[in-house]
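Peer 1: Questions regarding the structure given below will be posed in turn.
Numbering (our numbering), first residue to last: 551 to 711.
The following block contains the structure:
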């Protein structure tokens, strides 16, 4: 009986490792930058370089965000810029919901920190090989915006499903 349990445990561990490695193979970039003193001003733009090698693939782009429980809004407005190789920076204003109407945070909580992977673009073409730049700046009324601890970008190849 002990040998059977050991085999089952080994199978489960190897299976979960292979599943996580398949998912990780699709990650092109996953970069986060700390916001100094949890105080994010308009001029503190986060700029992330991403190298695209497969211009035929579809990509998902996410904004990584982390804030404390003392963040005073249920949403956040961001200006997100995309610059293709040799192109101009094109910006888009986007609102993301962070809490339910009752104030419950939608992010994953750990202590007093809440983390989000907010979908920005899904299944889009980045149709030029080379280095893209993604830029994120806060676009709220408060300047500086308090209690945001980290901001970043994640780019991954989209599944064919």
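Every residue gets a Cβ at the ideal spot worked out from N, C-alpha and C, and that includes glycine.
Since the model is a prediction, treat every value here as computed from it, not as a measurement.
Using the Cα positions of residue 679 and residue 650, report the straight-line distance between them to the nearest angstrom.
Peer 2: As a working mapping, residue 679 is identified with position 129 in the chain shown. As a working mapping, residue 650 is identified with position 100 in the chain shown. Looking at the two C-alpha atoms, the distance is approximately 40 Å.
Peer 1: Would residue 701 and residue 615 qualify as a contact pair, given that the criterion is a beta-carbon distance under 8 Å?
Peer 2: Start at 1 with the first residue of the chain shown, and residue 701 comes out as number 151. Start at 1 with the first residue of the chain shown, and residue 615 comes out as number 65. Yes, these two residues count as a Cβ contact at 8 Å.
Peer 1: When the Cα atoms are used, what is the spatial distance from residue 663 to residue 682?
Peer 2: Indexing the chain shown from 1 puts residue 663 at position 113. Indexing the chain shown from 1 puts residue 682 at position 132. Between residue 663 and residue 682, the C-alpha separation is close to 30 Å.
Peer 1: Measure the alpha-carbon distance for residue 596 versus residue 660 and round it to whole angstroms.
Peer 2: Here residue 596 refers to the residue found at position 46 when the chain shown is read from its first residue. Here residue 660 refers to the residue found at position 110 when the chain shown is read from its first residue. Looking at the two C-alpha atoms, the distance is approximately 24 Å.
Peer 1: Alpha carbon to alpha carbon, what distance is there between residue 587 and residue 674?
Peer 2: Counting from one through the chain shown, the residue named residue 674 turns up at place 124. Counting from one through the chain shown, the residue named residue 587 turns up at place 37. Their backbone Cα atoms lie some 35 Å apart in a straight line.
Peer 1: Let's test the definition: count the other Cβ atoms within 10 Å of the Cβ of residue 610 and tell me whether it reaches 16, buried, or not, exposed.
Peer 2: In the chain shown, the residue the question calls residue 610 occupies position 60. Answer is buried; the Cβ neighbour count reaches 16.
Peer 1: With residue 644 as the anchor, note down where its beta strand (DSSP E) starts and where it stops.
Peer 2: Along the chain shown, read from residue 1 onward, the residue named residue 644 stands at position 94. Where residue 644 is concerned, the enclosing beta strand (DSSP E) stretches over 639-647.
Peer 1: In its own chain, which residues sit with a C-beta less than 6 Å from the C-beta of residue 598, not counting the 5 before and 5 after it?
Peer 2: Position 48 of the chain shown, counted from the first residue, corresponds to residue 598. Excluding sequence neighbours, residue 598 sits near 581, 684 and 703.
Peer 1: Mind checking residue 698: buried by the 16 CB within 10 Å criterion, or exposed?
Peer 2: In the chain shown, residue 698 corresponds to position 148, counting from 1. With 16 or more other Cβ atoms within 10 Å, it is buried.
Peer 1: With DSSP collapsed to three states, give me the class of residue 582.
Peer 2: Along the chain shown, read from residue 1 onward, the residue named residue 582 stands at position 32. Residue 582 falls in the strand class under three-state DSSP.
Peer 1: Return the residue from the list 622, 658, 657 and 670 that minimises the CA-CA distance to residue 642.
Peer 2: For the purposes of this step, residue 642 is taken as the residue at position 92 of the chain shown. Checking every option, the nearest Cα to that of residue 642 belongs to 670.
Peer 1: Where does the unbroken beta strand (DSSP E) through residue 605 begin, and where does it stop?
Peer 2: Along the chain shown, one-based indexing puts residue 605 at 55. Run containing residue 605: none; DSSP gives neither H nor E here.
Peer 1: Compare the Cα-Cα distances from residue 639 to each of 601, 584 and 686 and report the closest residue.
Peer 2: Here residue 639 refers to the residue found at position 89 when the chain shown is read from its first residue. Per the Cα distances, 686.
Peer 1: Report all residues from its chain with a CB closer than 7 Å to the CB of residue 605; omit the five preceding and five following residues, and keep chain order.
Peer 2: On the chain shown, residue 605 is found 55 positions in, with the first residue counted as 1. 676, 677, 678 and 679, listed in sequence order.
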